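Working notes, structure below.
Numbering (this note's numbering), first residue to last: 5 to 452.
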């Protein structure tokens with residue numbers, strides 16, 4: 005009896021704390037950014053050792069799952085208080101609706117554990133987009149989130165350095181190592197976390213044209229992040245970084261000469277580091293082979309083709325997808341593969357059908373098109389409107405071979421707010437005092 009009473013009190017305390025956190029999230033968008041960025045950093049550091057609790061039924065709840073659930077709850081509350089939706093907010097609701105339908109169908113067909121396990125592929129992105137899309141654009145908020153992003157990238161770089169010490173110098177300081185095979189010793193950070201650093205580096209690019217002390221600090225930090233990103237040898241991240249800088253250069257010609265100099269400098273420093281670390285060893289080395297080989301892409305395309313062929317069972321699957329929990333089993337080169345497809349567009353069409361795919365394309369390519377004519381960045385603030393076309397272009401490429409990182413909902417959600425202002429013919433950042441508390445659904449901001 006006493007044990008049941010204590011359990012009830014504990015559950016009541018957890019529920020009360022959850023209500024307080026959700027209410028705070030409804031009012032302060034920067035708290036949501038802290039949750040997403042903190043979850044990204046936590047997962048990168050702990051890898052498979054993230055604290056978790058196993059519920060009755062076998063469902064394993066990790067710390068970041070709680071963070072995403074709280075953000076999703078806060079986002080839903082803000083949506084319920086929104087009197088009128090923009091076109092891109094409607095696409096978010098469409099994507100959320102077909103995912104909810106797929107989750108219910110999956111729970112009925114395969115059980116809650118399997119359906120929830122696959123829903124985790126979408127939860128970070130969906131919760132972030134739904135949450136941030138409900139906040140009105142604010143120069144202070146965007147700059148604040150940009151600063152938080154750069155702040156989170158510092159311990160991520162330290163983590164990379166510590167893992168490199170372990171791999172190349174045998175200095176083990178107790179940091180869990182990421183495992184990517186014997187031919188990938190330098191890849192001590194998984195792809196989504198490397199992409200996280202690439203986006204952080206891009207935030208500094210508009211400052212390269214300026215010459216004040218703040219711009220010089222951001223330029224030095226951007227150069228460091230760029231060098232680390234290249235050294236981590238993630239080919240898709242390299243491509244996204246090139247695309248992002250190219251977009252900034254095309255849209256803001258003042259950046260061209262300085263941006264090219266920075267990129268060339270980072271490449272030269274990285275090449276020198278590879279030589280010093282023996283990356284260009286005899287037999288052409290694994291780094292050289294991985295950078296030019298197409299075997300991985302061919303292998304993935306075979307898997308995507310077989311998975312999509314499974315949708316031909318009926319028109320319902322093509323329209324709204326197979327239920328979450330169906331699994332991703334396929335035969336590739338004679339071997340059975342169970343992992344997710346490594347292509348967010350394919351994953352989306354498999355679980356949400358053509359309806360979800362159209363919504364996702366609207367939230368990536370559609371947003372990019374809507375914000376393309378946004379004036380280029382000035383470098384005076386982080387995550388300013390002019391940098392979003394570059395971030396969205398990087399995202400479009402990234403989704404071709406990976407699922408979204410935990411932080412990508414921030415980019416898409418804030419971009420939706422900017423696009424809504426353009427739809428209404430208003431400036432992206434209306435003149436207002438530094439925001440303190442936002443009123444959900446009204447767009448009104450109270451100053452300090």
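Cβ atoms here follow ideal geometry from the backbone N, Cα and C, with glycine treated the same way.
This one's a predicted model, so the numbers in the text were calculated from it and none came from an experiment.
CB of residue 95 within 8 angstroms of CB of residue 363, strictly: yes
Looking at residue 81: is its Cβ nearer than 8 angstroms to the Cβ of residue 120? no
Straight-line Cα distance separating residue 406 from residue 296: Low confidence applies to residue 296: its pLDDT is 34, below 50, so where it sits in the model is not reliable, and the reading given next is rough at best. Counting only the Cα atoms, residue 406 lies some 19 angstroms from residue 296.
In chain order, what residues of the same chain have a beta carbon less than 8 angstroms from the beta carbon of residue 311, not counting five sequence neighbours either side? 332, 334, 345, 350 and 354
In whole angstroms, what is the alpha-carbon distance linking residue 161 and residue 125? 25 angstroms
Cβ distance (whole Å) where residue 129 is taken to contact residue 79 below 8 angstroms: About 12 angstroms; that fails the 8 angstroms criterion.
Helix, strand or coil for residue 58? Go by DSSP, reduced to three states. In this structure, residue 58 counts as strand in the three-state DSSP scheme.
Let me confirm a value: residue 157 is counted as buried when at least 16 other C-beta atoms fall within 10 Å, else exposed. Which label applies? buried
Rounded to whole angstroms, what is the Cα-Cα separation between residue 395 and residue 6? 54 angstroms
If contacts are defined as beta-carbon pairs under 8 angstroms, then residue 409 and residue 199 qualify, I think. What distance do you get, rounded to the angstrom? Their Cβ separation, rounded to whole angstroms, is 6 angstroms, which keeps residue 409 and residue 199 in contact under 8 angstroms.
Let's test the definition: count the other Cβ atoms within 10 Å of the Cβ of residue 20 and tell me whether it reaches 16, buried, or not, exposed. exposed
Quick one: what's residue 334 bridged to in DSSP? 341
Pairwise C-alpha distance: residue 108 and residue 227: 47 angstroms
Sufficient close CB pairs (3 or more, under 8 angstroms) joining the region 368 to 383 to the region 139 to 150: no
Element boundaries [alpha helix (DSSP H), containing residue 249]: It spans 239 to 255 - the alpha helix (DSSP H) in which residue 249 sits, taken as one unbroken run.
Proximal residues to residue 419 (C-beta, below 7 angstroms), its chain only, five neighbours per side dropped: Answer for residue 419: 371, 375, 392 and 396, listed in chain order.
So what does residue 65 bridge to, in DSSP terms? 57
Given residue 378, which residues of its chain have a CB within under 6 angstroms of its CB, disregarding the five upstream and five downstream residues? 389 and 390
Determine the burial state of residue 176: buried for a count of at least 16 other Cβ atoms within 10 Å of its Cβ, exposed for fewer. exposed
Beta-carbon proximity check, residue 319 vs residue 110, cutoff 8 angstroms: no
Just to check my reading of the structure: residue 245 and residue 202 have Cβ atoms closer than 8 angstroms, yes? What is that Cβ distance to the nearest angstrom? The pair is a contact, with the Cβ atoms about 5 angstroms apart (cut-off 8 angstroms).
In terms of residues, what are the limits of the alpha helix (DSSP H) holding residue 326? Where residue 326 is concerned, there is no enclosing alpha helix (DSSP H), given that its DSSP letter is neither H nor E.
From the DSSP output, in three-state form, read off residue 407 for me. coil
Please go through the same chain and pick out, in chain order, the residues whose beta-carbon is closer than 6 angstroms to the beta-carbon of residue 204, but skip the five residues on each side of it. Counting only residues of its own chain and dropping the five nearest sequence neighbours on each side, residue 204 has a CB closer than 6 angstroms to the CB of 153, 154, 157 and 229.
DSSP-derived helix/strand/coil call for residue 310: helix
Residue 95: first and last residue of the uninterrupted alpha helix (DSSP H) it sits in: 91 to 114
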